[in-house]
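First the structure, in the form of structure tokens, and then the observations on it.
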Ligand SMILES: [Mg+2]
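Numbering (our numbering), first residue to last: 24 to 422.
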């Protein structure tokens, strides 16, 4: 057997593909999109006055192109993806795992968590999109097959709108989610315990007992305050409490989880199998929320399913970005095994951000839609989406 010795920057020299030349990467394009918002909104410690996203496009010599998206700061992601590009040119786009490992090896010293992995994530998603197009199959099929063809969606919203009354604006927004057909809602907290509890109580009264309600502090509390929130919020039937404390504080996560009151969720800023394993080994969460665009792409996300299974933790992915991130998240949703492995097991809820984003529904020729509370998983080749190039240009940064 031939022993392979990476890196193979030129696919034509690769022992397994020499002379075959299957779909060689010829260009990596970064599309940095941004749009100022008419009205800024806030989570517990961040203000959003502009939407900014980075799309990754990989072009191949056979005319196919693949799309991905990175979670996190778009300017930093663009710089790192561009720095990684020379490692991709000339390689087979089908070598997804070898490329992942080489990028990680080459950039490990620049960071094993955070922006380096965000960049790899966008590239990895684009490679899976290409792989699906090459084989004329949806990504979930190539990753072992789907457990479901649609997912129940929850509305993410309830940020604090700047300059308006918190409670009345929140209730108006949540009523819109109900009118649209959502049967689950996640609202932001972390604006002070008294106001948060007042918000939670008002939303529960509005939605009644049958609509699911989740709360997300975006790590805006410490363990003492979060424990108080748990005690006061528990009577309002909360499905999960997301990011109660900073993601580094795994011991605090564990202490809050040990209260056995509201299920504790987190993980959108934990990266790779190593970061997730560390959190799960410490018993930090009941519900893990990896983001495909940040955890290391689809290649890494599917490895985490094994960790979740071993540690008895549910996987409910985090999703934030454009419809490209949403499509990647849907393919990941497709391959999440039911937990528990029973007929009556409920699907993980799909995070469907409803906060202001002018790019959300315009980048694809066929936008991803929620109908009667459900979102269908795209079944076309690759991600199963078609990017509308004409729709990108209004969002390119103005010089
Ligand atoms: Mg969150």
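Ideal Cβ positions, reconstructed from N, Cα and C, are used throughout, including at glycine.
Checklist entry - Can you tell me where the beta strand (DSSP E) with residue 287 in it begins and where it stops? => result By 1-based counting over the chain shown, the position of residue 287 is 264. 287-289 is the span of the beta strand (DSSP E), which, as asked, contains residue 287.
Checklist entry - So is residue 53 buried or exposed if we call it buried at 16+ other beta carbons inside 10 Å? => result Position 30 of the chain shown, counted from the first residue, corresponds to residue 53. The residue in question, residue 53, is buried, as its Cβ has 16 or more Cβ neighbours within 10 Å.
Next on the checklist: Using DSSP's beta-bridge definition, name the partner residues of residue 307.
Outcome noted: As a first step, residue 307 is located in the chain shown; it is residue number 284 there, counting from the start. For residue 307, which the question treats as bridged, DSSP gives no partner whatsoever.
Next on the checklist: Taking a contact to mean a Cβ-Cβ separation below 8 Å, would you say residue 398 touches residue 197 in this structure?
Outcome noted: One-based indexing of the chain shown puts residue 398 at position 375. One-based indexing of the chain shown puts residue 197 at position 174. Contact flag unset, no.
Next on the checklist: For residue 419, list the residues DSSP reports as bridge partners.
Outcome noted: On the chain shown, residue 419 is found 396 positions in, with the first residue counted as 1. Answer by DSSP bridge pairing, in chain order: 56.
Next on the checklist: With a threshold of 7 Å (Cβ to nearest heavy atom), would residue 431 be considered close to ligand 1?
Outcome noted: No answer is possible for residue 431: the residues shown for the chain start at 24 and end at 422.
Item to check | Length of the line joining the Cα atoms of residue 418 and residue 102 | outcome: Position 395 of the chain shown, counted from the first residue, corresponds to residue 418. Position 79 of the chain shown, counted from the first residue, corresponds to residue 102. Going from the Cα of residue 418 to the Cα of residue 102 covers about 18 Å.
Checklist entry - Distance, Cα to Cα, residue 338 vs residue 375? => result Numbered from 1 along the chain shown, position 315 holds the residue referred to as residue 338. Numbered from 1 along the chain shown, position 352 holds the residue referred to as residue 375. Distance between the alpha carbons of residue 338 and residue 375 is about 16 Å.
Item to check | From 241, 80 and 177, residue whose alpha carbon lies closest to that of residue 49 | outcome: The residue given as residue 49 occupies position 26 in the chain shown. Of the listed residues, the one whose Cα sits closest to residue 49 is 80.
Item to check | 6 Å Cβ shell around residue 269 - same chain, five flanking residues per side excluded | outcome: For this step, residue 269 is matched to residue 246 along the chain shown. Cβ neighbours of residue 269 beyond the five flanking positions: 242.
Checklist entry - On the three-pair Cβ rule with 8 Å, is the stretch 359-367 touching the stretch 308-319? => result no
Checklist entry - Between residue 319 and residue 344, is the Cβ-Cβ spacing less than 8 Å? => result Working through the chain shown from its first residue, we reach residue 319 at position 296. Working through the chain shown from its first residue, we reach residue 344 at position 321. No; because the gap between Cβ atoms is not below 8 Å, this pair is not in contact.
Next on the checklist: Tell me whether the stretch 172-189 and the stretch 374-390 touch, counting them as touching only if at least three CB pairs, one residue from each stretch, are closer than 8 Å.
Outcome noted: yes
Item to check | Pick from 383, 130 and 390 that is closest to residue 56, judged by C-alpha positions | outcome: Position 33 of the chain shown, counted from the first residue, corresponds to residue 56. With distances taken between Cα atoms, residue 56 lies closest to 383.
Next on the checklist: I'd like to check one pair, residue 222 with residue 261: are the Cβ atoms closer than 8 Å?
Outcome noted: What you label residue 261 is simply residue 238 of the chain shown in a count that begins at 1. What you label residue 222 is simply residue 199 of the chain shown in a count that begins at 1. No.
Next on the checklist: Based on DSSP bridge pairs, tell me the residues matched to residue 71.
Outcome noted: As a first step, residue 71 is located in the chain shown; it is residue number 48 there, counting from the start. BP columns for residue 71 point to 64.
Checklist entry - Contact between the stretch 65-72 and the stretch 114-133: three or more CB pairs below 8 Å? => result no
Checklist entry - Does the beta-carbon distance from residue 303 to residue 279 come in below 8 Å? => result By one-based count along the chain shown, residue 303 stands at place 280. By one-based count along the chain shown, residue 279 stands at place 256. Against a cut-off of 8 Å, the Cβ pair of residue 279 and residue 303 comes out as no contact.
Checklist entry - Excluding the five sequence neighbours on either side, which residues of its own chain have a C-beta within less than 7 Å of the C-beta of residue 420, listed in chain order? => result Here residue 420 corresponds to residue number 397 of the chain shown, with the count starting at 1. Within the same chain, residue 420 has close Cβ partners 55 and 57.
Next on the checklist: Under 7 Å: does the beta carbon of residue 239 sit that close to some heavy atom of ligand 1?
Outcome noted: Walking along the chain shown from the start, residue 239 turns up at place 216. Correct: residue 239 has its Cβ closer than 7 Å to ligand 1.
Checklist entry - In this structure, does DSSP put residue 110 in helix, strand or coil? => result What you label residue 110 is simply residue 87 of the chain shown in a count that begins at 1. DSSP places residue 110 in helix when its eight states are reduced to three.
Checklist entry - Where does the unbroken beta strand (DSSP E) through residue 211 begin, and where does it stop? => result Sequence index remark: in the chain shown, residue 211 carries index 188 (1-based). Note, residue 211: beta strand (DSSP E), 207-211.
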